[in-house]
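Working notes, beginning with the structure itself.
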Amino acid sequence: MSLTQSYKFHVGGKDGWVVTPSENYNHWAERNRFQVNDTLFFKYKKGADSVLLVTREDYFSCNTTNPILSLKDGDSTFTFDRSGPFFFISGISDNCNKGQKLIVVVMAVRHKHSPSPSTSPATPPVPSSPSPPTTNPPVESPEPSDAPSDLDAPAPVPSQQQKSGSVGLVCSTWLVLGFSTWVSVVTLGSY
Numbered sequence: 001m002s003l004t005q006s007y008k009f010h011v012g013g014k015d016g017w018v019v020t021p022s023e024n025y026n027h028w029a030e031r032n033r034f035q036v037n038d039t040l041f042f043k044y045k046k047g048a049d050s051v052l053l054v055t056r057e058d059y060f061s062c063n064t065t066n067p068i069l070s071l072k073d074g075d076s077t078f079t080f081d082r083s084g085p086f087f088f089i090s091g092i093s094d095n096c097n098k099g100q101k102l103i104v105v106v107m108a109v110r111h112k113h114s115p116s117p118s119t120s121p122a123t124p125p126v127p128s129s130p131s132p133p134t135t136n137p138p139v140e141s142p143e144p145s146d147a148p149s150d151l152d153a154p155a156p157v158p159s160q161q162q163k164s165g166s167v168g169l170v171c172s173t174w175l176v177l178g179f180s181t182w183v184s185v186v187t188l189g190s191y
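Each residue of the sequence shown is one higher than the one before, starting from 1 at the first, in the UniProt record's numbering.
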């Protein structure tokens with residue numbers, strides 16, 4: 001059994017859902033990671049504005065005439081029920097044209113499981129003859145699949161320690177392989 005934690009995000013922070021927030025809504029969304037079951041809270045004056053969930057096309061054209069969902073109560077919440085992009089605009093098209101709109105990308109659901117041999121990551125190639133290591137190892141193309149793609153979901157942001165650790169591991173691996181190859185060449189050359 002696994003437990004997941006959901007979060008409530010206040011759109012616009014202390015400003016709420018307004019025409020000119022202190023931070024652009026999409027910049028705010030890019031700084032956050034949204035998951036299925038997380039909730040957006042929109043605070044605005046009831047009767048003076050609304051929030052519309054719309055298609056991608058209606059988002060970019062600020063079309064308020066055909067919303068998927070309309071939130072009008074002033075203290076509106078929206079819970080993400082799937083991964084992928086969600087497009088929100090003000091119910092007043094002029095406000096939308098002034099930038100009162102938001103795109104949220106919800107990360108794909110990840111299920112923990114042990115990898116099978118067909119899904120385990122490829123190991124870097126080991127040189128078969130004494131030659132210096134290349135700086136860019138060959139990259140294998142992934143096999144085509146009918147499974148849903150996670151390409152539209154943002155990748156989690158690794159911490160600085162993880163970033164430098166990964167680079168160090170790759171550099172160390174190639175350093176050891178290169179040194180081993182050099183020692184082999186020098187040793188063979190002395191016979």
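Every residue gets a Cβ at the ideal spot worked out from N, C-alpha and C, and that includes glycine.
Check	Outcome
CA nearest to the CA of P85, picked from R56, Y7, V105	V105
For V176, three-class secondary structure by DSSP	Only weak support exists for where V176 lies, its pLDDT of 41 falling under 50; the value from the coordinates is given anyway. Residue state, collapsed to three classes: helix.
The region 23 to 37 / the region 7 to 14 touching (three or more Cβ pairs under 8 Å)	yes
Local conformation of S90 per DSSP, three classes	strand
Reference E30, options L102, A108, T20, closest by Cα	L102
For D73 and K46, believed in contact at Cβ under 8 Å, the rounded distance	6 Å
Element boundaries [beta strand (DSSP E), containing R75]	The sequence given here has Asp at residue 75, not Arg. Its beta strand (DSSP E) spans residues 75 to 79.
Through-space distance from I68 to Y25, alpha-carbon basis	20 Å
Inter-residue Cα distance where the pair is T64 and G13	24 Å
D15 - DSSP class collapsed to helix/strand/coil	coil
CB contact flag (residue 194, Y59, <8 Å)	Outside the shown range of the chain, which is 1 to 191, sits residue 194, and nothing can be said about it.
Residues near D75 by beta carbon distance below 7 Å, same chain, minus five either side	K43
C-beta contact flag for W28 and D49 at 8 Å	no
Boundaries (first-last residue) of the alpha helix (DSSP H) holding residue 192	It is not possible to answer for residue 192, since the shown part of the chain is limited to 1 through 191.
C-alpha gap between G99 and R33, whole angstroms	21 Å
Proximity winner among S83, S61, S70, relative to R110 (alpha-carbon distances)	S83
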